[in-house]
Structures are given as structure tokens and as C-alpha cells.
Amino acid sequence: MPPFAGDLAADVDMLLAAHHRTITREHVPRVAAEAVTLARRSGVDPEAARTAALLHDMGGIVPRADMVGLCETLGICIGPEERQVPMLLHAKLSVVLAQERYGVSDPAVLQAIRFHTTLHAEPSPLDLVVFLADKLEWDQGGVPPYHAPLRAALHDGLDAGARWMLTWMATPAARLLIAHPDLRSAWAAFGITAPA
Ligand SMILES: [Fe+2]
Ligand SMILES: [Fe+2]
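Take the sequence shown: its position 48, counted from the start at 1, is 48 in UniProt numbering, and no numbers get skipped.
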């Protein structure tokens with residue numbers, strides 16, 4: 001499939017609006033801008049960062065109640081944690097939309113979309129950029145409680161920022177519904193003790 005020839009940001013906005021995803025619609029351009037800034041500062045391809053950031057939450061257009069069924073239909077592997085908290089599947093569905101609607105074939109971009117919520121054991125710099133941009137420009141309203149210390153940690157680079165963020169995600173303040181196995185892998189890789 002050829003890459004999407006139109007205005008990616010405009011199409012994403014249109015699709016999110018059509019599905020009444022008001023919060024995501026406001027969140028995505030902020031994440032894209034932050035991802036481009038982090039990418040430029042870190043020697044990561046800004047265009048790849050922008051594409052991944054614009055598409056990272058597109059799976060959210062699928063109603064939560066339909067996520068498991070759609071993933072089963074598409075042959076996407078579903079873990080027990082994802083059956084318990086289906087919203088965790090939105091990243092996998094974003095990958096499908098990136099491929100099928102927008103013709104994205106770059107495995108690096110698809111990987112960054114896939115792991116934007118949790119990271120994984122061996123994240124690339126692009127994975128870190130999209131993960132951190134998503135956390136800095138979160139979709140929970142207002143400024144995240146960790147914003148200033150995360151920014152400070154990022155002065156020492158993407159790895160330091162990711163370590164700080166992952167450490168925070170292991171605290172009760174993160175109020176995780178469940179620890180996805182990919183997040184557990186990331187904690188292990190960064191030497192962070194996972195919550196019991
Ligand atoms: Fe997300
Ligand atoms: Fe997001």
C-alpha cells in the first residue's frame with residue numbers, strides 16, 4: 001500500500017472528530033509537536049516521530065467494548081491483561097490503522113506506535129521519543145503531576161527521561177489498572193523494581 005498522500009494531521013483530526021474523540025483530538029497534535037521537539041534534540045528523525053505521534057492513539061476510535069472482538073477478527077494476539085483492560089489494545093489497533101489506512105510500512109514507526117503506552121525491553125530512541133511525548137502531553141487534563149521532574153530528567157537525555165518515567169509508573173501515584181507484560185519487561189530492562 002502506498003503511503004498516505006494527503007495531509008496526515010488533517011485526516012487524523014477529521015477521523016477523530018467523526019468518532020467524537022474530543023480529548024484525543026486535542027491530545028494528538030500536542031504529542032506530535034512534543035515528539036518533533038524531542039526528536040530534533042535527540043538526533044531522531046523528526047518526520048518519523050511526527051508520523052508515529054499523529055497515529056499513536058488512532059486505535060482509540062474503536063469503541064472499548066469492541067476492541068477484543070475486533071482484535072480477534074484481525075488475528076491480533078491478545079494477552080490476559082489486555083482481555084482484562086481492553087483499552088490496552090488501542091496501541092495494537094493503531095498499528096493496524098497506520099498500515100491499512102495510511103500505508104505506513106516503516107517498522108520503526110510501527111514499533112513506536114505499538115509500544116507508546118508501555119515501552120518494552122529494548123526501546124529505540126524513536127520509541128522513547130513517542131513514549132515520552134505521550135506522557136509529557138498526557139490526555140488526562142491539565143499538566144501531569146510529574147511534568148517538571150520528567151522535564152528535568154530529560155536534560156540528561158532520552159534514556160534518563162524514560163528511566164524517570166518508568167520509575168514513576170511503578171509507584172502508587174501512577175494508579176495503573178494493570179501492569180502490561182511489556183511494561184514489566186521495560187521495568188526489568190531499566191533495573192526498576194516492579195510493584196507487587
Ligand atoms: Fe495511547
Ligand atoms: Fe496518547
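Every residue, glycine too, gets a C-beta built ideally from N, C-alpha and C.
Check: Applying the 10 Å Cβ sphere with the 16-neighbour rule, what's the burial state of V31?; Outcome: buried
Check: Scan the segment 104 to 154 and note each continuous alpha helix (DSSP H) run of 4 residues or more that stays entirely inside, going in chain order.; Outcome: 107 to 114, 125 to 136 and 147 to 154
Check: For L15, which of T37, A49, D57 and R41 has the nearest alpha-carbon?; Outcome: D57
Check: So, using beta-carbon positions, are L150 and A39 closer together than 9 Å?; Outcome: no
Check: I178 by DSSP, collapsed to three states: which one?; Outcome: coil
Check: Mind pulling the alpha helix (DSSP H) runs of 4 or more residues that sit fully within the segment 52 to 114?; Outcome: 64 to 74, 80 to 84, 90 to 100 and 107 to 114
Check: List the whole-angstrom C-beta distance separating L88 from V62, where the pair is believed to meet the contact cut-off of C-beta under 8 Å.; Outcome: Not confirmed; about 13 Å, so no contact.
Check: Among A98, P181, W187 and A53, which residue has its Cα nearest to the Cα of A170?; Outcome: W187
Check: Got a sec: does ligand 2 put a non-hydrogen atom nearer than 8 Å to the Cβ of H116?; Outcome: yes
Check: Closest by CA to L8, which one among R25, P46, T51 and A33?; Outcome: T51
Check: So, is I113 buried or exposed, given that buried needs 16 or more other C-beta atoms within 10 angstroms?; Outcome: buried
Check: Drop a sphere of 10 angstroms on the beta-carbon of M165, count the other beta-carbons inside from all chains shown, and report buried for 16 or more, exposed for fewer.; Outcome: buried
Check: Check for me: the alpha helix (DSSP H) holding P29 runs from which residue to which?; Outcome: T22 to S42
Check: What does the shell around ligand 2 hold, if a residue joins when its beta-carbon is under 6 Å from any heavy atom?; Outcome: H27, V31, H56, D57, D134 and D139
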